[in-house]
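Below: one structure, written as structure tokens.
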Amino acid sequence: MRKAFRKKLLIVVAIAILVASFFSLDIVDRNCRTHAGKLFLETYKDTVRALNLGDKQSYELRSNMMHSVLSSLETVAEVVDSFPSVLGKDSKVLVRLCNGLGLSRIDIIDSVHNVIAVSSDILIVGGGARSDRSAPYDPSSDFCAFVNSIGTYRQVEYVLDSKGRELLLFSAPLSRHPGFLVRLGISAESFKTTYNIAENQFIYGSLPIGETGGVDIVENGVIKNSPNEHLVGRRVEEVYDNLILPEDTYNFNAANEKEHSLLPVKRDGLSCYYSVYQTERYKLVCYMSVREIYATRRTVFSAMLVIFAIIFVSIFFAASYLVRMIMIDGLDRINDSLAEIEGGDLNVRVEEDSYPEFSVLSQGINSTVDALKNLMERQVAHDAEQMELARTIQLSCLPKYFPTYPELRSMDLCALTEPAQEVGGDFYDYFRISDSLYGVMIADVSEHGIPAALLMMTAKTAIHDAVLSGDSLERCVESVNISLCENNATGMFVTAFVGIMNVASGEFKFVNAGHCRPILYKNGRWQEIKVNSCFVLGGLDNLSYASQSWQLEPGDKVFLYTDGVTEALNEDGEFFGAEGLLKVLNGEKGRSYDCASLINYVKAALDEFADDRRGIGDDVTMLAFEYFGSRGSDKFLEVNSSGDELDRILDFVEDLLDRKADLQEEALARIKTTVSTVIDDIFTNITSYSGAEKDCKVLIRAEIQDCPKQLTVHFIDGGRPYDPTAIETPNVNLSFEERRYGGLGVHLVKNLTDRMTYRYKDGCNILCLIKKLE
Amino acid sequence: MKIEKRIENSDAGGNSEVTLLLDGRFGSSTASDVENAVNEVLPHCRKLVFDFSKVDYISSAGLRVLLMAKKKLGASAPVTVCNANSVVKEIFDISGFSQILQVQ
């Protein structure tokens, strides 16, 4: 952001410098032109003064010229008066006089006869007074105009004499000789020369402006004078490419008071600016080359540019610094906190309060994060609740009470499943088909999680229902395979080991559909048995499945598991493997433990191997069962539902404790007292309240498990449903007067045992009491 | 169950301190024996002592007899249990009988 801001600020500053430069350039230009305009005005005024001065001097020169003409006339008149012989046709005096005065001719006119009486030029004597031809007259010429102006007050003629010379003839009467006129002939050329000297020397004073400028004095479209002499006499159109001269009616007096605007023009090939001023007679074109007008521009502009650059760069750094101090540092701190929040730590608080705006922003972020956190917590809690519900539903469809059939004497089964996630794809099943046949199954749906769990529910139900239908085991598995193939959209499959145990004969018949090999305990050793493995279920339809069977002897055990067990990894990345499993099973404990203890023991060993479960990546399921033979195990005692039988039960349990509890004498005595109290009260309750008839039997199943070490006693009777766990606890804090009889038995049992569970199944009350022996 | 009666310190009114030495299981099947013995001695009893040194266990049926004895003797005559093992004492605690009887 800082970079982007600086970039933009830089662009803005650059634009500002450009705009400022543009305007300052314009100002400098204007300033230059204004300066030139002032120079023009001043020069115009100087020129006007010079012109006026020239006019005056020119007038004096002409006056002098006329004065010398008049004095010449007087001199001639005096000479004629003094030497009357002149009138006697003595032209010698006139010739000398003519030469002495620098005149061309002197005539004495007889005005009566209108003839030339005497002349310095003897050839014309006697000729008519008007014998000279008139000179060609050009009214536009300055000289002719001048001659006319003289003619208003003095008789003058402009003629060509017999020799072709241009002469001005001035006449005056001789006062002492009436009837005679004296006439002087003055060379027009010399007159013209004098006249022109006056014009050129005094009238056309042209001033320069700077080095390349000046004033062109224009009259009637012709340059009369100019600092550049070669341009004098040329017409303005030839010199200027686009000069606009004001009209003659222009009100020059008012207009000349102030500066005229400068206009561009090319003067004699040079780019110039000009302004035109006017006098009565002339138009004054003040000009100066563009280059000179703008000569100072580069310096001034460069200086301004440097100043602008310094100002704007200062502004740039000041703005950057201020923005960073006020905005960016605060935003950076907020962003740091946001990055942590984005990283997943929703407990981070944004605490930026350097400015009120940041405080508001921080509070906004904090409350948003809080809201998000609450929402997520609620969602997580909701998801967890849903998954827990799903887990409960899934696990509830598996047999979870072990022994599932406590009254079954010839077989004992225990199983355990632990999904890798909340729900899993492993499952097992154990169910009664008939009095002597029991279904035993373990299976594993490929993959795990919710999809596996859903398929697991379908597969479990399908196998359960098929096996219960009474068909042959092969047919059952085939039909399950077909139904799973039909409804398998996702391409998942199931490996399964499905068996039927005949507890009467000891035959265990099974089909292995791609599942792990079973492990058999026979003759004091656990061994993995290589069995025919058929294809998995749900993979291909219309497959046939072959069954096998084993003949189990009393004391034989079978251990089934899913690959989650063997694929557990230890810290070094090694598999637990079938070898590891067999090693555990063939240990001293593994060979001697009952099924329930064995499952717990293997699970504990597996968890330990897998680095406290961290190495278990899949669902873990195990199932073990033991065949006791048709004779049954020694866990059972069947008594009549009568108080008389109590001592038998107590003796039976005490005997079990003596044989198998493996406790110190004192601890054993305490356990016996406790267990006797419990059995007394429970049996009394059963005989009194479950309504069992005298000839009705109560089956007692007592066993000591090794892992965990505990005594489990089941009471199974066919009386009315009676749940002692539901009995309310009496108030044991009353005085003896207030206390009533009864109700204490169940209270004692609850307090003296570690667990008491009741269920009613297949018309039987099944009460299970557990007392830990450690 | 064997029950041994010991009657001592009879006073002028014929009331004595009675000790019942119980031997065996004090449960549902033997409670009636103890109840009979208690009823026998109650009329002439100013202090009743149950000696539990040979009792294997006591169930709620046994507790019922002790409560009956206490109710019949009333507040003036103490009912004492002595020589009970730790589990039996625990049962007296659980059942609240420690507050009703004098357990030694």
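Heads up: the sequence lines are chains S and L, in that order. Read left to right, the first sequence gives residues 1031 to 1804 (my numbering). Read left to right, the second sequence gives residues 66 to 169 (my numbering). The beta carbon of each residue, even a glycine, is placed where N, CA and C say it ideally should be.
Any Cβ of chain S within less than 8 Å of the Cβ of residue i?
i, result
"valine 153(L)", "yes"
"lysine 136(L)", "yes"
"arginine 129(L)", "yes"
"isoleucine 156(L)", "yes"
"leucine 113(L)", "no"
"isoleucine 68(L)", "no"
"glycine 78(L)", "no"
"arginine 90(L)", "yes"
"serine 141(L)", "no"
"leucine 87(L)", "no"
"asparagine 150(L)", "yes"
"glutamine 169(L)", "no"
"leucine 132(L)", "yes"
"isoleucine 165(L)", "yes"
"alanine 102(L)", "no"
Buried or exposed: where does residue i fall if 16 or more other Cβ atoms within 10 Å of its Cβ makes it buried?
i, result
"methionine 1406(S)", "exposed"
"serine 1112(S)", "exposed"
"phenylalanine 1053(S)", "exposed"
"aspartate 1153(S)", "In the sequence as displayed, the identity of residue 1153(S) is leucine instead of aspartate. Classification of leucine 1153(S): exposed, given that the 10 Å Cβ count is below 16."
"valine 1470(S)", "buried"
"glycine 1529(S)", "buried"
"glycine 1130(S)", "exposed"
"arginine 1555(S)", "exposed"
"leucine 1100(S)", "exposed"
"tyrosine 1167(S)", "exposed"
"tyrosine 1468(S)", "buried"
"valine 73(L)", "The question names valine, but residue 73(L) is glutamate in the sequence shown. Result: exposed."
"phenylalanine 1523(S)", "buried"
"arginine 71(L)", "exposed"
"asparagine 1532(S)", "buried"
"leucine 1570(S)", "exposed"
What residues of chain A sit near residue i, judged by a beta carbon separation below 8 Å?
i, result
"aspartate 121(L)", "The chain inventory of the structure shown lacks chain A, comprising the protein chains S and L."
Could you confirm whether any beta carbon from chain L is found closer than 8 Å to the beta carbon of residue i?
i, result
"threonine 1742(S)", "no"
"tyrosine 1719(S)", "no"
"asparagine 1781(S)", "yes"
"aspartate 1677(S)", "yes"
"tyrosine 1468(S)", "no"
"lysine 1791(S)", "no"
"tyrosine 1458(S)", "no"
"tyrosine 1623(S)", "no"
"aspartate 1784(S)", "no"
"aspartate 1685(S)", "no"
Hey, could you find the ends of the alpha helix (DSSP H) residue i is sitting in?
i, result
"asparagine 1404(S)", "1386-1426"
"glutamate 1508(S)", "1503-1516"
"phenylalanine 1347(S)", "1327-1353"
"tyrosine 1631(S)", "1625-1639"
"asparagine 1542(S)", "Segment 1537-1543 is the beta strand (DSSP E) holding asparagine 1542(S); no alpha helix (DSSP H) there."
"leucine 1687(S)", "1676-1690"
"serine 97(L)", "96-106"
"valine 1125(S)", "1121-1131"
Along the chain, where does the beta strand (DSSP E) containing residue i start, and where does it finish?
i, result
"isoleucine 1253(S)", "1252-1255"
"threonine 1447(S)", "1441-1448"
"valine 1743(S)", "1739-1747"
"glycine 161(L)", "Element bounds for glycine 161(L): n/a, residue is neither H nor E."
"arginine 90(L)", "81-91"
"leucine 1467(S)", "1467-1475"
"threonine 1488(S)", "Note, threonine 1488(S): premise wrong, no beta strand (DSSP E); alpha helix (DSSP H) at 1480-1498."
"threonine 1787(S)", "1785-1791"
"tyrosine 1551(S)", "1549-1552"
Using a Cβ-Cβ cut-off of less than 9 Å, list which residues of the region 1758-1769 of chain S approach chain L; keep chain order. Pro1760, Asn1761, Val1762, Asn1763, Leu1764, Ser1765, Phe1766, Glu1767 and Arg1769
Pair every Cβ in the region 1588-1607 of chain S with every Cβ in the region 1621-1637 of chain S, then say whether three or more of these pairs are closer than 8 Å. yes
Three-pair Cβ contact test at 8 Å for the region 1648-1659 of chain S versus the region 1767-1786 of chain S: no
Along the region 1655-1681 of chain S, what residues have a CB closer than 9 Å to any CB found in chain L? Gly1673, Asp1674, Leu1676, Asp1677 and Leu1680
Would you call the region 75-95 of chain L in contact with the region 125-133 of chain L, where contact means no fewer than 3 C-beta pairs closer than 8 Å? yes
Would the region 1693-1712 of chain S count as touching the region 147-159 of chain L if we require 3 or more Cβ pairs under 8 Å? yes
Using 8 Å as the threshold, is the region 136-150 of chain L in touch with the region 1790-1803 of chain S, meaning 3 or more CB pairs across them? no
Contact between the region 1298-1313 of chain S and the region 1242-1261 of chain S (3+ Cβ pairs under 8 Å): yes
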